[in-house]
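Chemist: Top to bottom, those sequences are chains A, B, C and D. When we follow the numbering used here, the leftmost residue of the first sequence carries the number 197, and every step to the right adds one. When we follow the numbering used here, the leftmost residue of the second sequence carries the number 197, and every step to the right adds one. When we follow the numbering used here, the leftmost residue of the third sequence carries the number 177, and every step to the right adds one. When we follow the numbering used here, the leftmost residue of the fourth sequence carries the number 177, and every step to the right adds one. We put the CB at the ideal spot given by N, CA and C, even for glycine. For clarity, every value in this text was computed on a predicted model and none was experimentally measured.
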Amino acid sequence: MIEAIQNAHDLAMGADERVVVMGQDVGYFGGVFRCTAGLQKKYGKTRCFDAPISELGIVGTAIGMAAYGLRPCVEIQFADYMYPGYDQIVSEAARLRYRSAGEFTCPLVIRMPTGGGIYGAQTHSQSPEALFTHVAGLKTVIPSNPADAKGLLLAAIEDPDPVIFLEPKRLYNGPFDGHHDRPVVPWKKHEAGEVSPDYYTVPLGKAATRREGSDLTILSYGTMVHVALAAVEELGVDAEVIDLRTLIPLDKPAIVESVRKTGRCLIVHEATLTSGYGAELAAVVQRECFYHLEAPIERVAGWDTPYPHAGEWDYFPGPNRVAAAIKAVMEA
Amino acid sequence: MIEAIQNAHDLAMGADERVVVMGQDVGYFGGVFRCTAGLQKKYGKTRCFDAPISELGIVGTAIGMAAYGLRPCVEIQFADYMYPGYDQIVSEAARLRYRSAGEFTCPLVIRMPTGGGIYGAQTHSQSPEALFTHVAGLKTVIPSNPADAKGLLLAAIEDPDPVIFLEPKRLYNGPFDGHHDRPVVPWKKHEAGEVSPDYYTVPLGKAATRREGSDLTILSYGTMVHVALAAVEELGVDAEVIDLRTLIPLDKPAIVESVRKTGRCLIVHEATLTSGYGAELAAVVQRECFYHLEAPIERVAGWDTPYPHAGEWDYFPGPNRVAAAIKAVMEA
Amino acid sequence: MTEANDRLPLSLTVPEPDVRPGGQPDFSHVRIPQAGEIRRPAIDEDPENMRDLAFGIIRVLDRDGNAVGPWAGSLSPEELRDGLRHMMTLRAYDARMLVAQRQGKTSFYMQHLGEEAVSCAFQRVLNKGDMNFPTYRQAGLLVAAGYPLVKMMCQVYSNDGDSARGRQLPVFYSSKENGFFSISGNLATQYVQAVGWAMASAIMRDTKIAAAWIGDGSTAESDFHAALVFASTYKAPVVLNIVNNQWAISTFQGIARGGSGTFAARGHGFGIPALRVDGNDYLAVHAAGAWAAERARRNLGPTVVEYVTYRAAGHSTSDDPSGYRPKQESEAWPLGDPILRLKGYLIAIGEWSEERHVQAEAEIADTVVRAQKEAEAIGTLQSGRRPSPKDMFEDVYAEMPPHLVEQRQQAGY
Amino acid sequence: MTEANDRLPLSLTVPEPDVRPGGQPDFSHVRIPQAGEIRRPAIDEDPENMRDLAFGIIRVLDRDGNAVGPWAGSLSPEELRDGLRHMMTLRAYDARMLVAQRQGKTSFYMQHLGEEAVSCAFQRVLNKGDMNFPTYRQAGLLVAAGYPLVKMMCQVYSNDGDSARGRQLPVFYSSKENGFFSISGNLATQYVQAVGWAMASAIMRDTKIAAAWIGDGSTAESDFHAALVFASTYKAPVVLNIVNNQWAISTFQGIARGGSGTFAARGHGFGIPALRVDGNDYLAVHAAGAWAAERARRNLGPTVVEYVTYRAAGHSTSDDPSGYRPKQESEAWPLGDPILRLKGYLIAIGEWSEERHVQAEAEIADTVVRAQKEAEAIGTLQSGRRPSPKDMFEDVYAEMPPHLVEQRQQAGY
Ligand SMILES: Cc1ncc(C[n+]2csc(CCOP(=O)(O)OP(=O)(O)O)c2C)c(N)n1
Ligand SMILES: Cc1ncc(C[n+]2csc(CCOP(=O)(O)OP(=O)(O)O)c2C)c(N)n1
Ligand SMILES: [Mg+2]
Ligand SMILES: [Mg+2]
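(1) Return the first residue and the last residue of the beta strand (DSSP E) that I493 (chain A) is part of.
(2) Taking only heavy atoms of ligand 3 into account, decide whether any of them is closer than 6 Å to the Cβ of D152 (chain B).
(3) So who's on the other strand from M218 (chain B), going by DSSP bridges?
(4) Report the start-end ranges of each beta strand (DSSP E) in the segment 409-447 of chain B that is 3 residues or longer and not cut off at the edges.
(5) Just to confirm before moving on: does the CB-CB distance between T556 (chain D) and Y333 (chain D) stay below 7 Å?
(6) On the DSSP bridge list, what partners appear for C461 (chain A)?
(7) Mind checking whether the beta-carbon of W423 (chain D) lies closer than 6 Å to any heavy atom of ligand 4?
(8) Compute every distance between the C-beta of G391 (chain D) and the non-hydrogen atoms of ligand 5, then say whether any falls below 6 Å.
(9) Report the option in C:D202, C:S360, C:A472 and C:G361 whose CA atom is closest to the CA atom of E507 (chain C).
(10) Do M307 (chain C) and F357 (chain C) count as a contact pair if the criterion is CB distance below 7 Å?
(11) Since D411 (chain B) and A574 (chain D) are thought to touch, with beta carbons under 8 Å apart, how far apart are those beta carbons, to the nearest angstrom?
(12) With 7 Å set as the bound, which would you pick, yes or no: does the beta-carbon of P563 (chain C) sit closer than that to a beta-carbon of chain B?
(13) In chain B, which residues lie less than 8 Å from F357 (chain D) when you measure between Cβ atoms?
(14) Give me the chain C residues within the contact set of D510 (chain B), using Cβ-Cβ distance strictly less than 8 Å, ordered along the chain.
(15) With a cut-off of 8 Å, do at least 3 Cβ pairs link the segment 272-283 of chain D to the segment 315-324 of chain D?
(16) Interface residues of chain D around V433 (chain A) at Cβ under 7 Å?
(17) In angstroms with no decimal places, state the Cα-to-Cα distance between I438 (chain A) and E251 (chain A).
(18) Closer than 7 Å, CB to CB, is F225 (chain B) near chain C or not?
(19) Is there at least one Cβ from chain B nearer than 7 Å to T178 (chain D)'s Cβ?
(20) So is T438 (chain D) in contact with chain A if we call contact Cβ pairs under 7 Å?
(21) Would you verify that the beta carbon of S287 (chain A) is, or is not, closer than 7 Å to some beta carbon of chain B?
(22) To the nearest whole angstrom, what separates the beta carbons of S394 (chain C) and K384 (chain C), a pair I think is in contact under 8 Å?
(23) Let me confirm a value: Y264 (chain B) is counted as buried when at least 16 other C-beta atoms fall within 10 Å, else exposed. Which label applies?
(24) Is the segment 481-495 of chain C close to the segment 288-301 of chain C, with three or more CB pairs under 8 Å?
(25) Rounded to a whole number of angstroms, what is the C-alpha to C-alpha distance between Q200 (chain D) and E505 (chain D)?
(26) Can you pull the chain B residues whose beta carbon is under 9 Å from the beta carbon of Y500 (chain C), in chain order?
(27) Below 8 Å on the Cβ atoms is my guess for I353 (chain A) versus Q482 (chain B); work out the distance and round it to an integer in Å.
(28) Looking at V461 (chain D): is its Cβ nearer than 7 Å to the Cβ of A297 (chain D)?
(29) Among the candidates D:I540, D:L302 and D:I390, whose CA atom is the shortest distance from the CA of T365 (chain D)?
(30) Please check the pair A463 (chain C) and S204 (chain C), which I expect to be a contact at CB under 8 Å, by giving their CB distance rounded to whole angstroms.
(31) Name the chain E residues that come within less than 9 Å of G393 (chain C), Cβ to Cβ?
(32) Taking CB distances under 7 Å as the criterion, tell me whether A332 (chain B) reaches chain D.
(33) With H, G and I counted as helix, E and B as strand and the rest as coil, what does DSSP make of P515 (chain B)?
(34) Check each candidate in A:R378, A:Q322 and A:Y282 and name the one with the smallest Cα separation from P364 (chain A).
(35) Along the chain, where does the beta strand (DSSP E) containing D454 (chain C) start, and where does it finish?
(36) Residues of chain A with a CB under 7 Å from the CB of V319 (chain D): which are they?
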């Protein structure tokens, strides 16, 4: 997935000189996850450069650049470190078009690796998507595979509004079904690991059905799509698995159609449960599908605690927890 | 409500010399809303003092003070301005006990006026409670009347953990039923406006039933409790109106019992709808009361836009919108 | 580690202004250099060699109405008369809008009383295409740029003529055309955005520069630091203005400033040259601003400029300063009134007269009243033509997403 | 406003280190004052009169192994031998833990190679009850305080002996008893907390002081600014340490520092006195730290201290510095190795010998190995006795709220 993201940057910078890349260690070194490798060499150090360790400064200057007319695509080294830039994201990037009635706009992409599974403990594992989905004016995107990552990132860079682009870091080097004790599978062995070298976009706001089924609908995104698929296969249940890809705007029609068909719904995410994005999904689904629902909607999510180091796999909502929840939904 | 909050500070500072008050304009002047009036004079300027305009600094130094053993109770001038301090709240205050396994703790209260209704536009009207309820380690409190405000604030100051204390600013000078075109009612004409001068606490985590009823359950908090009650009276529907008072920890038994009884549920808050705390409430209620629900749960909330100035009353979810939603829930 | 019980107890310092209500204002200890006293370094002077400029006060107009010293001479009499008219217009405009707010025609207002020179004079050092990132107290930038008063008033009234569709608090103007960035209610956020905007100009090998604005109190915010870090690192073509009007609502400047003598000194921590200027001296503001703008244009990087002035009125219409400072403090303020000072100078050099001044006042009053009538003919916050509630759902995104379409329908539009 | 098309295009400056991989490290332009050259001001010196100290480098040990100048003499030979042992212990500990990480016994590790003097020497200026707010690169504070290595290792292994129940990333220690505040993964947040802690001590009229720690790169964060604003305003009894080890992961210090010559200079923007010290000179670190601590104890307020050192190893076990700097850069670094320098000095004054050194190395290696065995007998990240998953739900709050009780039950506990 790293190559796909790097390639999206490369194509975007090649196609549009207004695209600039900034972030901690993204310049000469090419990013701690290598997502910007080679860009400085190719496009020069005023188009891809290292920033001081100030997420506020990165987002704040990027807003100024976007208002100027550039298309900054900036990296926050870990989603856990976006908080110092949160004021600029929420109070500024998200509101600039609105408060100036379109006179000033903010075409800005803020990328950040998210999620756990790499023993990063509480400050390298967070999934803060719900802190963005609550903010009017932001779009929030989270791919689950390289092909989508590239197409969504290019769509995000083209988008005239600020886009939060969450990259599940556990998927950087391969799909991950949650069985942490099994050998790592690289992307090249996965069908979605094949990425066209061309410039293409995946539209924001469109979910993808990863598996069709009739027993229940599983709504998920990012790493957890793979975990959900694994749990489904292991249980042998005929679930429909929807990968949301974009959280805001939400592809409500796809969700509603599926749940009305299956009559059952499970929501799976890695972020802490309470007030997570799953709550919004549950609220929407129960309202839109009330007369079709045969069982309460269940949520599988991270526990409402910080992400522990030693207990990483006790915390991570792996296939067993997902399977148990599938059973609960099916048996209710 | 201002006097009640001022009085709670006064009693807490009198009872415990570890209680210190800090914030912008809270010292000599006594706060832009006068909630700390007279405290500096009474307790000296090292126990109640003005802070520089740095919400980060206010929260950050308060965490250090709390770790030292003090009980800081700090004011953020408007909830809309808490974002610069959000990193310290989320990454530090909320996690200190956990990450040090109790070696260091953070008994800290962060007060902030919240909500609209005073023509404050987008930066003096926000209701960011969902940005706190998603964070493990925080408690989130929001009173709807002076008696509760005092008792909850004293409980918050006594609490050994960080508490976010949201004060609906539209309630500072009187209850508000959402009819902005009618004369303002002062608290002294309202029963909950009577506040005992004694030191007392209202326990965190306990909801209050403001009106018993059997037709439907309305879950709300802060200003919207009064709006909901008004809509209920105007419609003549026999609703049970629950004032949550504490969002985290949530009084789930009270909610579940009520909805199981009435079979219908409406959630009302002023914050933007998507990923608001209402989503969490809907997710919990549909799960716990699935077999008792006779209609989809509805949410009335602020629109998913910034809070506009001229259109304040088009934005505010007033009694008409609540009434329409009650009808929708009752007729579904 | 050893025990240290033999130590005297520590104590917390909480800075206090010299006087509080009831006390007698006394500014005699504030050292104010003579007009003409402060040197004018070369534009490309090494910051390390001009540290002294952060601790003096650059002044051009002396007490007798002469323009003296190395910073004098940046403006023609014609330009100065324009400047006088801008300041008088801003003051007249403020006065009318204040009354309009008291009359309930809008919800809120913020004046510039005593600070008119800062924004009015600075605007004149900018070129078309340059961008200010102002606070709510720099409307003089718009007035001096010739932005129509009617449009400003429509914003204040949140009426249908407001180009921002009534969405923002009064005085939160925006005009790209006039180099005035959309105002934010969150203090200081614009400061670092200005640096980014300036960086963009440099990245694009353009010639535009940015001007960042902040109040004394707001320099405590994080954005101020980020702005200085980024501006210093990338040598952004930006002027970093700090308007020190002595007060942040009820809090005096000593709380934000702490132990440094001045706000200008903040620049020294970053190797950024810093000037400190008499903010009530139109000529000094212009000269210092021009110096800093020239540095930016020559790709020499950022300059910090502190304007020493005084907020003569309340913080806003929600504030009554008599609760925290003596009523007479404003009059005791030693740098005088910017309008009177410029007027006196123009008269002294024979380019203005009491008669012309009275006439100008009348003309300006007339202009403002006419603009107000025009604006009120459209509407005020509570009456007349107001933006449609339908507008509320526009511009959240470039294209309205389905959930907002749905909500707009729910709202009945 | 006028058009400015006649201007030359601007351009963005992006600072670069002098050499990159493949280049030849050359530190000859780095001005390094002679040992003994920098003056030692009185403890209560006015910050304005000691600006020069932010631009020099306080050094005590010269190249010939003498301790010279006004900053010499703060430690006895006995204390220096302790210091040597602490540094050697830290280095031996690091080496073992690095191997343990490579062996998969834990997930991650961060070394102090080359920077041992900073934390080891500074700890010795503190009293019991004082509090450090460290980063992940000051474990020397614990070693020098006598905190058991076994406990440190249990933390690194996240095993059942870890007092923080395996919750934190390796090296994120915590020990209230030893004046070591719980480490955060979010850079810089501790800096302002230290100021608050110090303010609390002053509010309570106590005698304790705080020491804040930050890396060169992290000074760009907002918390750094807030810390300086609050410390300067309330004259908090805190030492504001900045460890400039030249690198922030792959980013050289020039990006964070920008145009100011040094990080110490940041203090000048706030009127805070600032020292700049040879961080590889145990005696200099101790003397400067003691000076700053004494200022705090005398209620004279904060001091900024920049330690000039070099991160000789990778940023962490996740980092390979050969990707962004020449491999030989570390050796070319002109301030030498802190252990070798102190050893040389002790030998020069006849208080140490090569033999004793070899023996000490063996003893220390033995101590570390024994501690490691003890820790591993409890467990490592992947094996042995680990904290129970049940613990995961504890300490989120003092009392477990119902929703966590429910989740714990769901988890099977
Ligand atoms: C982030 C943030 N915190 C607090 C406020 C509330 N507030 C509005 S104006 C003000 C004082 C600003 O003082 P200063 O920067 O000196 O500007 P001045 O009003 O004097 O021009 C405060 C505290 C705010 N708007 N934003
Ligand atoms: C808020 C935040 N942003 C980014 C990071 C990622 N990060 C961890 S260490 C580091 C470099 C820190 O450099 P410096 O402050 O110089 O300390 P050093 O490692 O050299 O001791 C970065 C960018 C982080 N931990 N926290
Ligand atoms: Mg001010
Ligand atoms: Mg470093």
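Modeler: In short:
(1) As a working note, residue 493 (chain A) is residue 297 in the first sequence. Unbroken run through I493 (chain A): none, as it is neither H nor E.
(2) Residue 152 (chain B) falls outside the range modelled here, since chain B spans only 197 to 528, and no answer is possible.
(3) By 1-based counting over the second sequence, the position of residue 218 (chain B) is 22. DSSP output for M218 (chain B) lists B:F245 and B:V270 as bridge partner(s).
(4) 412-416, 435-439 and 442-444
(5) In the fourth sequence, the residue the question calls residue 556 (chain D) occupies position 380. In the fourth sequence, the residue the question calls residue 333 (chain D) occupies position 157. It is a contact, given that the beta carbons lie within the stated cut-off.
(6) Along the first sequence, read from residue 1 onward, the residue named residue 461 (chain A) stands at position 265. Looking at the DSSP assignment, C461 (chain A) forms a beta bridge with A:T413.
(7) Taking the first residue of the fourth sequence as 1, we reach residue 423 (chain D) at position 247. W423 (chain D) Cβ: within cutoff of ligand 4.
(8) Ligand 5 is not part of this structure, which contains only ligand 1, ligand 2, ligand 3 and ligand 4.
(9) Start at 1 with the first residue of the third sequence, and residue 507 (chain C) comes out as number 331. The option with the nearest alpha carbon to E507 (chain C) is C:D202.
(10) Within the third sequence, the letter at position 181 stands for residue 357 (chain C). Within the third sequence, the letter at position 131 stands for residue 307 (chain C). Closer than 7 Å, so yes.
(11) Stepping through the second sequence from its first residue, residue 411 (chain B) is reached at position 215. Stepping through the fourth sequence from its first residue, residue 574 (chain D) is reached at position 398. 40 Å between Cβ atoms; not a contact.
(12) Start at 1 with the first residue of the third sequence, and residue 563 (chain C) comes out as number 387. Taking Cβ atoms only, chain B reaches closer than 7 Å to P563 (chain C), which makes this a yes.
(13) As a first step, residue 357 (chain D) must be located in the fourth sequence, where it is residue number 181. Going along chain B in sequence order, the residues near F357 (chain D) (Cβ under 8 Å) are A263 and F300.
(14) Taking the first residue of the second sequence as position 1, residue 510 (chain B) is located at position 314. Going along chain C in sequence order, the residues near D510 (chain B) (Cβ under 8 Å) are P565, M568 and A587.
(15) no
(16) Residue numbering aside, residue 433 (chain A) sits at position 237 when the first sequence is read from its first letter. What V433 (chain A) touches in chain D: nothing, since even the nearest Cβ is about 20 Å away.
(17) The residue labelled residue 438 (chain A) in the question sits at position 242 within the first sequence. The residue labelled residue 251 (chain A) in the question sits at position 55 within the first sequence. In a straight line, the C-alpha of I438 (chain A) is about 33 Å away from that of E251 (chain A).
(18) As a working mapping, residue 225 (chain B) is identified with position 29 in the second sequence. Taking Cβ atoms only, chain C reaches closer than 7 Å to F225 (chain B), which makes this a yes.
(19) Numbered from its first residue, the fourth sequence carries residue 178 (chain D) at position 2. For T178 (chain D), the pLDDT reaches just 46, beneath the cut-off of 50, and the residue's location in the model is therefore unreliable, leaving the point undetermined.
(20) Translated into positions along the fourth sequence, residue 438 (chain D) becomes position 262. No, no contact with chain A.
(21) By 1-based counting over the first sequence, the position of residue 287 (chain A) is 91. Closer than 7 Å to some Cβ of chain B, the Cβ of S287 (chain A) qualifies, so yes.
(22) Residue 394 (chain C) sits at position 218 when you count from the first residue of the third sequence. Residue 384 (chain C) sits at position 208 when you count from the first residue of the third sequence. Not a contact, Cβ separation roughly 25 Å.
(23) Within the second sequence, numbered from 1, the residue matching residue 264 (chain B) stands at position 68. With 16 or more Cβ atoms within 10 Å of its Cβ, Y264 (chain B) is classed as buried.
(24) yes
(25) Start at 1 with the first residue of the fourth sequence, and residue 200 (chain D) comes out as number 24. Start at 1 with the first residue of the fourth sequence, and residue 505 (chain D) comes out as number 329. Looking at the two C-alpha atoms, the distance is approximately 8 Å.
(26) Position 324 of the third sequence, counting from 1, holds the residue named residue 500 (chain C). Chain B residues near Y500 (chain C): D221, Y224 and F225.
(27) By 1-based counting over the first sequence, the position of residue 353 (chain A) is 157. By 1-based counting over the second sequence, the position of residue 482 (chain B) is 286. At roughly 38 Å, the Cβ-Cβ gap does not stay under 8 Å, so I353 (chain A) and Q482 (chain B) are not in contact.
(28) Mapped onto the fourth sequence, residue 461 (chain D) falls at position 285. Mapped onto the fourth sequence, residue 297 (chain D) falls at position 121. Cβ atoms of V461 (chain D) and A297 (chain D): closer than 7 Å.
(29) Within the fourth sequence, numbered from 1, the residue matching residue 365 (chain D) stands at position 189. Comparing Cα-Cα distances from T365 (chain D) to each of D:I540, D:L302 and D:I390, the minimum goes to D:I390.
(30) Your numbering for residue 463 (chain C) matches position 287 in the third sequence. Your numbering for residue 204 (chain C) matches position 28 in the third sequence. About 27 Å; that fails the 8 Å criterion.
(31) The structure shown contains no chain E; its protein chains are A, B, C and D.
(32) Within the second sequence, residue 332 (chain B) is the residue found at index 136, counting from 1. By this cut-off, A332 (chain B) is an interface position.
(33) Translated into positions along the second sequence, residue 515 (chain B) becomes position 319. Helix.
(34) Counting from 1 along the first sequence, the entry for residue 364 (chain A) is found at position 168. The shortest Cα separation from P364 (chain A) among A:R378, A:Q322 and A:Y282 belongs to A:Q322.
(35) Against the third sequence, residue 454 (chain C) aligns to sequence position 278. Per DSSP, D454 (chain C) belongs to the beta strand (DSSP E) from A450 to D454.
(36) Your numbering for residue 319 (chain D) matches position 143 in the fourth sequence. What V319 (chain D) touches in chain A: nothing, since even the nearest Cβ is about 22 Å away.
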